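Novice: One structure, pasted below without further comment.
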Amino acid sequence: MQLFVLSLLLAAAAAMSIQDISTNKWNAFKIRNIVFGSYYPPITSAVITNSYEDLVKQEWNNFKLKYNKSYDSEDSDNVRMNIFIENKIKTEQHNARYARGEVKFQQEINKFSDMLPSEYRKLLGYRRSPRDLRKKASYYLRPANVGDDPDKVDWRDKGYVTDVKNQGHCGSCWAFSATGALEGQTFRKTGKLVSLSEQNLIDCAGSKYYNNGCQGGNSEESFQYIHDNNGIDTEDSYPYEAQDDQCRYSAKNEGAEDTGFTPITEGDEDALKSAVSTVGPVSVAIDASHHSFQQYKGGLYSEPACSTSDLDHAVLVVGYGTDDDGDYWLVKNSWGEDWGESGYVKMARNQNNMCGIATEASYPNV
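Take a look at the structure:
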């Protein structure tokens, strides 16, 4: 009976507009009126009201248990539950569109589902540098001695990619994107895959490089810091803390170094594809500010509202390919394996630089 009631609730909610949802305070009384008052006769509403309230609480408690969530007070708990309900209904609305074949990816409730949009955006720590390091860099040129790009590339299969990491509640995506690219290039040169220290970048690649730790930074500035510093420590020697701390770099614990970086022509997906196929994983920045990305579960991600210039999240392209849904970029995120497709997202490729994935792409020189 409870599962049937929940199915009725979500089907009704999926028929509502986002505007209808967002303008309600989301206490239980109003939700009952919106859902049951519009779709069911009074006697049905009376019978299932208590079951509905129990279902909401059950789902909320399961969410808190799964993601180890706790709050300071009952009022705070109620506020977070209301946000959770709103995100739940938005997600179900999207998945109803997926079932109708209108979109090619699914959403799900995840650890971000109790966050306000403003709180979620704090995780998106990519910032453009006010200085143009690219002016002094040599742009990527496709090698003359290679043939056509293969139809599919996945550098995970070749040993270039470390396990998915988790930045936590720290806007340090820029550091993870930078280390991921350098880990790949170091493996390409040495044959050894060494996990590098994001905390080293957070603590040491500071204001001189226009970075601000957990409040955001820039991957290309990180490559410049590593060059100037003559190295970056290993993750084992300088583990991640998900908070700003004092710089403790030690040359004896160095895991890699670079001699600068190579940018890829802005907005050129063909050049990005060539670089990924011939060089390895590439650091990129995207617009990840949308609810669709926050709650992404799997499939070919595309977002009509995405910007190609307002970029806020740094990630790592580790491959590309084509499946039944279309051309995709295989992108490693830094939100843990419990987000997306085991920590990855398939982003639409050859769709007018979707979400700006080719706008600020580069890799370190090793």
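Take the sequence shown: its letters are residues -15 to -1, 1 to 351, numbered as in mature numbering (1 follows the signal peptide of the UniProt record, and there is no 0).
Even for Gly, the Cβ is constructed at its ideal location relative to N, Cα and C.
As the structure is a computational prediction, the values presented were derived from the model and not from experiment.
Could you compute how far the alpha carbon of residue 142 sits from the alpha carbon of residue 274?
Specialist: Cα-Cα distance, rounded: 30 Å.
Novice: Go through its chain and collect everything with a Cβ distance to residue 183's Cβ below 7 Å, but skip five positions before and after it.
Specialist: Within the same chain, residue 183 has close Cβ partners 157, 160, 161, 164, 225.
Novice: Apart from the five residues on each side of it in sequence, which residues of its chain come closer than 6 Å, Cβ to Cβ, to residue 201?
Specialist: For residue 201, where only same-chain residues beyond five positions count, the Cβ hits under 6 Å are 110, 112, 156.
Novice: If I measure Cβ to Cβ from residue 210 and keep anything under 6 Å in the same chain, skipping five residues before and after, which residues do I get?
Specialist: The residues are 190, 194.
Novice: Name, in chain order, the residues that DSSP records as bridge partners for residue 219.
Specialist: Per DSSP, 181.
Novice: How about residue 248 and residue 166: do their beta carbons lie closer than 9 Å?
Specialist: Cβ distance not < 9 Å, so residue 248 and residue 166 don't count as in contact.
Novice: Kindly indicate the opening and closing residues of the beta strand (DSSP E) around residue 248.
Specialist: Residues 246 to 248.
Novice: Does residue 8 pass the burial test, meaning 16 or more other C-beta atoms within 10 Å, or should it be called exposed?
Specialist: With a pLDDT of 42 at residue 8, under the threshold of 50, the modelled position of that residue is not reliable, and no figure is offered here.
Novice: Can you confirm whether the region 284 to 291 touches the region 80 to 93 when touching is taken to mean that 3 or more C-beta pairs between the two stretches lie within less than 8 Å?
Specialist: Yes, since at least three Cβ pairs between the region 80 to 93 and the region 284 to 291 fall closer than 8 Å, the two stretches touch.
Novice: When the Cα atoms are used, what is the spatial distance from residue 61 to residue 47?
Specialist: When rounded, the distance between both Cα atoms is 17 Å.
Novice: What separation, rounded to the nearest whole angstrom, lies between the Cα atoms of residue 291 and residue 99?
Specialist: One C-alpha to the other measures close to 23 Å.
Novice: Specify, as a first and last residue, the run of the beta strand (DSSP E) that residue 348 falls within.
Specialist: Residue 348 -> beta strand (DSSP E) spans 347 to 349.
Novice: Looking at the secondary structure, which residues open and close the beta strand (DSSP E) in which residue 330 lies?
Specialist: Here the beta strand (DSSP E) through residue 330 covers 329 to 333.
Novice: Just to confirm before moving on: does the CB-CB distance between residue 154 and residue 280 stay below 9 Å?
Specialist: For residue 154 and residue 280, no; Cβs fall outside 9 Å.
Novice: Please name the residue or residues paired with residue 90 in a DSSP beta bridge.
Specialist: Bridge partners of residue 90: 284.
Novice: I'd like to check one pair, residue 131 with residue 327: are the Cβ atoms closer than 9 Å?
Specialist: No. Outside cutoff.
Novice: Just list the residues that DSSP pairs residue 320 with in beta bridges.
Specialist: Partner(s): 151.
Novice: Is it right to say residue 23 is buried, meaning 16 or more other beta carbons lie within 10 angstroms of its own, or is it exposed?
Specialist: With a pLDDT of only 35 at residue 23, under 50, the local geometry of the prediction cannot be trusted, and the value read off the model is given with reservation. It counts as exposed.
Novice: Could you give the distance in angstroms between the alpha-carbon of residue 93 and the alpha-carbon of residue 52?
Specialist: Their Cα atoms are separated by approximately 14 Å.
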